[in-house]
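Participant:
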Amino acid sequence: MPELPEVETFTRNLREGTAGCFALPGRIVRGYRLHWRKTLASPEPQQLDEWLPGQKVVAVKRRGKFLMLELTAYTMLFHLRMSGDLVTAVLGDDVAFKHIRFELIFKDGSRLIFNDPRKFGRVWVTPDPGEVLSRLGPEPLDASLTPAEFYSRLQGRKRVIKSLLLDQGFIAGLGNIYTDEALHLAGIHPQTSSHSIKARAAGCLLEAIRMVLSEGIARNGASIDWVYRGGEYQNNFRVYGRQGMPCPVCGTHIQRMLVGQRGTHICPQCQKK
DNA sequence: CCTGAAACCTGTCTGC
DNA sequence: TGCAGACAGGTTTCAG
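Residues in the first sequence are numbered from 0 upward in steps of one, following numbering that gives the first Met the number 0.
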């Protein structure tokens, strides 16, 4: 489900609290419950029995599409993949979620619930989060990624631009929605070879990526179907899911195509090869 | 190194 | 109403 803006929204809510979601920092872990074995990527469950009790939540952070709970001596990482959802509740609450895969239980009886219908989501606990995050590319919103650096990275690869933007090792956090939106905003056809993008266009693309991600964060992410709720960015889509509808820039009908086996939405007028 | 296909899963929607 | 098939915000692995 979620891309960078949606994970950022979860992160902010769990760090600071919001209506219907309480803040995690300061809570002490009592234990956990694992309802679907594969959801726990690492370590083995018996290792968690040893590691988790007594750990305090020190901070809640995001890196790419990973949400990180920094504990006293370990880091717990969540990847929500296609349908993961993180919600808070109190022990004993009758929770309406039908697909709970993992729960983190705190000493005060509160709990963090990982609900995930499609079972693609994963949880890691590790003393060194670098083990899980080492292959990620740069954060798109981090100022240390300069237009010159971004251009140079594009030049170093010879791939279809949309597939490259979806590659988390190239840049971390973009998914199918924000990639389509950014390419449209930058006026770049998704099948353009990364190698052929000029410095000026690369600068536009980086700027477009930052615009759509910032706007997504400002609107608490995008809610499209039953999976994720609470976001408003779906009301600002320029092309995603709008096949047959007019381009907001020129009025041409938006087309849907496949690029790297992913549904892709373009304005054929604004995004020429 | 690059691409496409398949696998991992369940839920929803469309068309017959 | 029932049912098959397509499709879904992601990532990994494998064949060519």
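Idealized CB from N, CA, C, for every residue including glycine.
Taking buried to mean at least 16 other C-beta atoms within 10 Å of its own C-beta, is T145 buried or exposed?
Facilitator: For the purposes of this step, residue 145 is identified with residue 146 of the first sequence, where counting begins at 1. When all chains shown are included, T145 counts as exposed.
Participant: Would you check if the distance between the CB atom of I196 and the CB atom of Y150 is smaller than 9 Å?
Facilitator: Sequence index remark: in the first sequence, residue 196 carries index 197 (1-based). Sequence index remark: in the first sequence, residue 150 carries index 151 (1-based). Between I196 and Y150, the gap from beta carbon to beta carbon is short of 9 Å.
Participant: Taking just the CA atoms, how far does L212 sit from Y177?
Facilitator: Here residue 177 is taken as the residue at index 178 of the first sequence, counted from 1. Here residue 212 is taken as the residue at index 213 of the first sequence, counted from 1. In a straight line, the C-alpha of Y177 is about 7 Å away from that of L212.
Participant: Are there 16 or more other CB atoms within 10 angstroms of the CB of E2, so buried, or fewer, so exposed?
Facilitator: As a working mapping, residue 2 is identified with position 3 in the first sequence. The residue in question, E2, is buried, as its Cβ has 16 or more Cβ neighbours within 10 Å.
Participant: So, helix, strand or coil for M210, using DSSP?
Facilitator: Looking up residue 210 in the first sequence gives position 211. Helix, per DSSP.
Participant: Taking the straight line between their C-alpha atoms, what separation do you get for F77 and E49?
Facilitator: As a first step, residue 77 is located in the first sequence; it is residue number 78 there, counting from the start. As a first step, residue 49 is located in the first sequence; it is residue number 50 there, counting from the start. Their backbone Cα atoms lie some 20 Å apart in a straight line.
Participant: Report whether the distance from the Cβ of S133 to the nearest heavy atom of the ligand MN is below 8 Å.
Facilitator: The ligand content of the structure shown is nil, which means the ligand MN is not present either.
Participant: Where do the ends of the alpha helix (DSSP H) carrying T71 lie?
Facilitator: For the purposes of this step, residue 71 is taken as the residue at position 72 of the first sequence. Element bounds for T71: n/a, residue is neither H nor E.
Participant: Alpha carbon to alpha carbon, what distance is there between T74 and T136?
Facilitator: In the first sequence, the residue the question calls residue 136 occupies position 137. In the first sequence, the residue the question calls residue 74 occupies position 75. At residue 136 the sequence reads Gly, which differs from the Thr that was named. Straight across, the Cα-Cα distance linking G136 with T74 is about 20 Å.
Participant: Keeping to the same chain, check which residues put their C-beta closer than 6 Å to that of F287; ignore five residues upstream and five downstream.
Facilitator: Outside the modelled stretch of the chain, which goes from 0 to 272, sits residue 287, for which no answer is possible.
Participant: Tell me whether P139 sits in a helix, a strand or coil according to DSSP, three-state version.
Facilitator: Counting from one through the first sequence, the residue named residue 139 turns up at place 140. If DSSP states are grouped into helix, strand and coil, P139 belongs with coil.
Participant: When DSSP labels each residue in this structure, what does Q60 get in the three-state scheme?
Facilitator: Walking along the first sequence from the start, residue 60 turns up at place 61. Sequence check: residue 60 is Lys here, not Gln. K60 falls in the strand class under three-state DSSP.
Participant: Buried or exposed: where does M244 fall if 16 or more other Cβ atoms within 10 Å of its Cβ makes it buried?
Facilitator: Your numbering for residue 244 matches position 245 in the first sequence. Classification for M244: exposed.
Participant: Count the other CB atoms within 10 Å of the CB of S82; is the residue buried (16 or more) or exposed (fewer)?
Facilitator: Walking along the first sequence from the start, residue 82 turns up at place 83. Flag for S82 reads buried.
Participant: With a threshold of 8 Å, are at least 3 pairs of Cβ atoms found where one atom belongs to the stretch 89-99 and the other to the stretch 43-57?
Facilitator: no
Participant: Helix, strand or coil for V124, going by three-state DSSP, please let me know.
Facilitator: Working through the first sequence from its first residue, we reach residue 124 at position 125. Note: V124 maps to strand in three-state DSSP.
Participant: Tell me which same chain residues have a C-beta within less than 6 Å of the C-beta of L66, skipping the five on either side of it?
Facilitator: For this step, residue 66 is matched to residue 67 along the first sequence. Counting only Cβ-Cβ distances below 6 Å, and skipping sequence neighbours, we find V6, F9, T10, F77.
Participant: Hey, quick one: how far does the alpha helix (DSSP H) through R11 stretch, first residue to last?
Facilitator: Within the first sequence, residue 11 is the residue found at index 12, counting from 1. Run containing R11: 3-15, per the alpha helix (DSSP H) assignment.
Participant: Going by the DSSP bridge assignment, what does Q254 pair with across the sheet?
Facilitator: Residue 254 sits at position 255 when you count from the first residue of the first sequence. Q254 pairs with I265.
Participant: Alpha carbon to alpha carbon, how far is N175 from R261? Give it in angstroms, no decimals.
Facilitator: Position 262 of the first sequence holds residue 261. Position 176 of the first sequence holds residue 175. Computed Cα separation, rounded: 7 Å.
Participant: How would you call N219, buried or exposed, if buried means at least 16 neighbouring beta carbons within 10 angstroms?
Facilitator: As a working mapping, residue 219 is identified with position 220 in the first sequence. Flag for N219 reads buried.
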